[in-house]
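Colleague: Structure provided below as structure tokens; questions to follow.
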DNA sequence: TCGCTAATGATAACTTATTATCAATAAAGG
DNA sequence: CCTTTATTGATAATAAGTTATCATTAGCGA
């Protein structure tokens with residue numbers, strides 16, 4: 002990166018403030034809220050640049066295309082809501098002593114991916130619709 | 002399925018006896034050991050049929066294409082060796098009470114994916130090469 | 001403000017995995 | 001052994017996500 006463009010700022014800003022990993026389409030939508038002309042080509046280009054420069058990281062879930070989040074979050078897992086399809090960060094830790102492992106295998110790292118309903122997709126009372134999402138995507 | 006072909010038998014046999022999830026290319030290689038003319042088109046077709054019929058299931062890992070295993074294994078996780086890229090089943094359980102979850106989120110299911118070195122890829126002594134794989138793929 | 005050129009936007013091209021096509025082959029019943 | 005037709009093998013086509021191309025736009029130093 003050599004120039005500080007509105008597009009780049011909008012993209013990194015969207016990812017930084019989202020509080021959860023964003024898909025390329027979510028990044029596009031959030032970025033266009035700031036720079037309406039933002040194109041998907043610039044999103045892909047900038048996501049690659051920001052990754053190379055160490056600002057963001059791809060989040061890979063089974064059978065899905067990459068989402069992106071900032072690199073400053075430390076060790077955590079991910080929760081995918083089966084209703085709204087958003088992915089959330091989970092910072093609660095799993096006790097290492099409870100990690101299963103086959104005999105004679107050395108575990109170097111692991112991923113834990115939770116699936117279920119996020120707080121916005123759990124109806125509060127019978128017959129009530131889920132409340133509006135906290136996030137703009 | 003209406004006819005009991007050598008190709009179908011070779012494919013289901015390979016998956017049944019592998020003891021771990023196989024990629025489409027691994028299924029092709031194992032099947033060709035029995036039916037040399039076996040084509041990748043037949044592998045894809047048969048994997049789809051066997052899945053529909055409930056004999057096998059796709060195993061999805063982040064950023065990778067599907068592997069397949071028989072449906073009779075019960076709940077388990079997967080271990081991917083970072084050296085030989087094979088995926089192994091892990092039948093040891095994780096204690097449910099230790100599952101992290103964000104407040105007000107309902108966890109319906111979860112995946113645990115371990116990464117590290119399998120027993121065949123851990124050198125037994127200094128300077129010794131890893132022993133031959135237990136499996137033919 | 002000017003000028004250089006990196007960055008952008010629109011879209012074509014590409015990639016990799018998977019599916020469709022169709023003539024040739026081979027199960028399985030008679 | 002025949003006949004029927006489901007299945008196969010070879011390959012073209014497809015799909016979705018990502019990357020390349022290139023004329024235009026716009027940072028930013030002078």
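Residue numbers (my numbering), protein chains in the order written: chain A, 2 to 138; chain B, 2 to 138.
Note that CB positions come from ideal geometry on N, CA and C, so glycine has one too.
Report the rounded CA-to-CA distance for residue 12(A) versus residue 79(A), giving the unit in angstroms.
Modeller: 21 Å
Colleague: From 103(B), 85(B), 49(B), pick the residue whose C-alpha is nearest to that of residue 124(B); which is it?
Modeller: The shortest Cα separation from residue 124(B) among 103(B), 85(B), 49(B) belongs to 85(B).
Colleague: What does the alpha-carbon distance come out to for the pair residue 90(B) and residue 58(B)?
Modeller: 13 Å
Colleague: Taking the alpha carbon of residue 18(A) as the reference point, which residue from 122(A), 61(A), 70(A), 101(A) has its own alpha carbon closest?
Modeller: Nearest C-alpha to residue 18(A): 70(A).
Colleague: On a CA-only basis, which of 40(B), 16(B), 87(B) is nearest residue 52(B)? Give me that one, please.
Modeller: With distances taken between Cα atoms, residue 52(B) lies closest to 16(B).
Colleague: What residue range is occupied by the uninterrupted beta strand (DSSP E) comprising residue 68(A)?
Modeller: Annotation: the continuous beta strand (DSSP E) that includes residue 68(A) extends over 68-71.
Colleague: Taking residue 87(B) as the query, report the chain A residues whose CB atoms sit under 7 Å from its CB, ordered along the chain.
Modeller: Those within 7 Å of residue 87(B) in chain A number zero; the least Cβ separation is about 11 Å.
Colleague: List the residues of chain A that residue 84(B) touches, going by C-beta distances under 7 Å, in chain order.
Modeller: Under the 7 Å cutoff, chain A gives no residues; its nearest Cβ is about 10 Å from residue 84(B).
Colleague: Classify residue 113(B) as buried or exposed, calling it buried when 16 or more other Cβ atoms lie within 10 Å of its own Cβ.
Modeller: buried
Colleague: Over what stretch of residues does the beta strand (DSSP E) that includes residue 29(A) continue unbroken?
Modeller: No beta strand (DSSP E) contains residue 29(A), which is instead part of the alpha helix (DSSP H) from 25-33.
Colleague: Kindly list the residues whose CB is nearer than 7 Å to the CB of residue 92(B), restricted to its own chain and excluding five residues on each side of it in sequence; keep chain order.
Modeller: 77
Colleague: With DSSP collapsed to three states, give me the class of residue 129(A).
Modeller: With a pLDDT of only 43 at residue 129(A), under the threshold of 50, the placement of this residue in the model should not be trusted, and no figure is reported.
Colleague: Since residue 48(A) is in the alpha helix (DSSP H), which residue starts that stretch and which ends it?
Modeller: 41-53
Colleague: Check for me: the alpha helix (DSSP H) holding residue 62(A) runs from which residue to which?
Modeller: Counting along the chain, residue 62(A) falls outside any alpha helix (DSSP H), and DSSP gives it neither H nor E.
Colleague: Count Cβ pairs between the region 58-67 of chain B and the region 30-43 of chain B that sit closer than 8 Å; are there 3 or more?
Modeller: no
Colleague: Decide if residue 72(B) is buried, meaning its Cβ has at least 16 other Cβ atoms within 10 Å, or exposed.
Modeller: exposed
Colleague: According to the neighbour-count rule (16 or more other Cβ atoms, all chains shown, within 10 Å of its Cβ), is residue 74(B) buried or exposed?
Modeller: Exposed, since its Cβ has fewer than 16 Cβ neighbours within 10 Å.
Colleague: Tell whether a beta-carbon distance below 8 Å holds between residue 141(A) and residue 48(A).
Modeller: Because residue 141(A) is not part of the residues shown, which for chain A are 2 to 138, the question remains open.
Colleague: Using only the alpha-carbon positions, how far apart do residue 10(B) and residue 22(B) sit?
Modeller: 17 Å
Colleague: What residues from chain B crowd round residue 1(A), counting only those whose CB sits closer than 7 Å?
Modeller: The structure shown does not extend to residue 1(A), since chain A is modelled only from 2 to 138, so the question has no answer here.
Colleague: Tell me the DSSP secondary structure of residue 138(B) in three-state form.
Modeller: Per-residue confidence for residue 138(B) stands at a pLDDT of 28, beneath the threshold of 50, marking its modelled position as unreliable; no derived number is given.
Colleague: With DSSP collapsed to three states, give me the class of residue 14(A).
Modeller: helix
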